[in-house]
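A short write-up of the structure that comes next.
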Amino acid sequence: MPELPEVETIKGDLRELVVGSSIERAEVLDPALVEQPSVEEFVHRLAGVRVTGARRRAKHLIVELDTGDSLVFQLKIGGQLLLVPPVEEPRTALMLVLHLDGGRRLFLRDQTEFTRVRLLDAGELEARLSPLGPEPLEEGFAVEYLRETLGGRKAQIKPLILDQKVVAGVGNIYADEILFDARLHPRRKANTLSDAEWRALYGAIRENLAAGVEHRGTTVRLYRDVLNRPGEHQNYLRVFEKHGEPCPHACGGEVVREKVGGRPTHFCPGCQRLSGGGEEQRLTLA
Ligand SMILES: [Zn+2]
């Protein structure tokens, strides 16, 4: 389930290992992969192009080409990009092979088959990326933005931070970890957060995503980098899929799992209270 840190890691690998190479030809093994343009045009426009850059926007992996086109991957749940060699050739769940110069191949593999790719010109790319919210690890992302954008909303906080138009790149794993760190119940309504809670949420977003990047991503099940290595951040998770285990804050409670906004959600009901502190909590309990 590649989120910001996992896509950031893959981007770094592509910059190191693939940028500068030419794509001799593209081989589409699962036509459902290609959202735009047609498969025929996709293959035609990728023949003989050079890879000039790689970047990330939210959870999109963007491979820049010397034609001005960009190859935009959404790796969704199980998408893996694997460079052969050095990785041994994968045999199953293949969706796309990019045949590179020098006898190397970049395989797109996804046993969940949810990965999608688009080949976009500059205008199409801009249109695709423009609705996305700010990048949370960039300088311009500030606590005031969060409070002003969400402070009037009555929606639950977890679905709001998963909304890519609000904050780019947060997915289900990091959202649960962020809310645990900020001591916010995932069902808290955004308009009940105090200034201190907005600051805690902001800090937790930055710290958790930065730690995920530092640890080269989280491998709960399928995530791998371009050299087929798992990430390490799974060793640092406190609540995600830890239901039934004691709360890491040693509050005496245990981590629970419930659906919030349709997503499996992990939290400590002792540390993450549904109501804010003070007057509001007393009113809700009354
Ligand atoms: Zn707790």
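At position 152 of the sequence shown the residue is numbered 170 (the numbering used here), and the sequence of numbers has no breaks. We put the beta carbon where it would ideally sit given N, CA and C, even for glycine.
One Cα belongs to Lys183, the other to Ser88, and the distance between them is close to 21 Å. Residue burial annotation: Leu245 is exposed, with fewer than 16 other C-beta atoms found within 10 angstroms of its C-beta. Taking 6 Å as the cut-off, the C-beta of His267 counts as close to a heavy atom of ligand 1. Taking all protein chains shown into account, Thr27 has 16 or more neighbouring C-beta atoms within 10 Å of its C-beta and is therefore buried.
Looking at the DSSP output, Lys94 sits in no beta bridge, so it has no partner there.
Along the length of the segment 35-110, whole beta strand (DSSP E) runs at least 3 residues long occupy 40-46, 52-54, 67-75, 78-83, 88-92 and 98-102, reported in chain order.
For Lys277, DSSP records a beta bridge to Pro282.
Under the DSSP assignment, Arg127 falls in the beta strand (DSSP E) whose first and last residues are Arg123 to Arg127.
Relative to ligand 1, even the nearest heavy atom lies 6 Å or more away from the CB of Gly262.
Here His284 is buried: its Cβ has 16 or more other Cβ atoms, across all protein chains shown, within 10 Å. Gln252 sits in a helix when the DSSP states are folded into three classes. Ranked by Cα distance from Gly141, the options Phe125, Asp194 and Gly86 are led by Gly86.
With 16 or more other Cβ atoms from the protein chains shown falling within 10 Å of its own Cβ, Glu24 counts as buried. Linking His267 to Val188 through their CA atoms gives a straight-line distance of about 23 Å.
Judged by the Cβ position, Gly271 qualifies as a neighbour of ligand 1 at the 6 Å threshold, a heavy atom of the ligand being closer than this. For the set Lys172, Glu42 and Gly151, the Cα lying nearest the Cα of Leu116 is the one of Glu42. The C-beta separation of Gln174 from Arg123 comes to about 44 Å, leaving the pair out of contact by the 8 Å criterion.
Of Ala208, Ala44 and Arg74, the smallest CA-CA separation from Leu155 is found for Arg74. DSSP, read as helix, strand or coil, puts Arg201 in coil. According to the DSSP assignment, Val115 belongs to the beta strand (DSSP E) that extends over Leu112 to Leu118. Scanning the segment 205-247 for uninterrupted alpha helix (DSSP H) segments of 4 residues or longer gives 213-232, listed from N- to C-terminal end.
Sixteen is the threshold: since fewer than 16 other Cβ atoms of the shown chains lie within 10 Å of the Cβ of Ala50, the residue is exposed. Measuring C-alpha to C-alpha distances from Glu166 to each of Asp213, Ser148 and Pro204 identifies Asp213 as the nearest. Counting along the chain, Val161 sits inside the alpha helix (DSSP H) bounded by residues Val161 to Leu168. Going by DSSP, Leu143 is part of the alpha helix (DSSP H) stretching over Ala140 to Leu147.
Taking a cut-off of 8 Å on C-beta distances, the segment 157-172 does not touch the segment 131-149, as fewer than three cross pairs fall below it.
Note on Asn190: 16 or more other CB atoms within 10 angstroms of its CB, so buried under the neighbour-count rule. Taking C-alpha positions only, Met113 is separated from Gly280 by approximately 28 Å. In the three-state reduction of the DSSP assignment, Pro264 falls in the strand class, which pools E and B. Non-local beta-carbon contacts of Gln54 in its own chain, meaning distances under 6 Å to residues more than five positions away in sequence, involve Arg136 in chain order.
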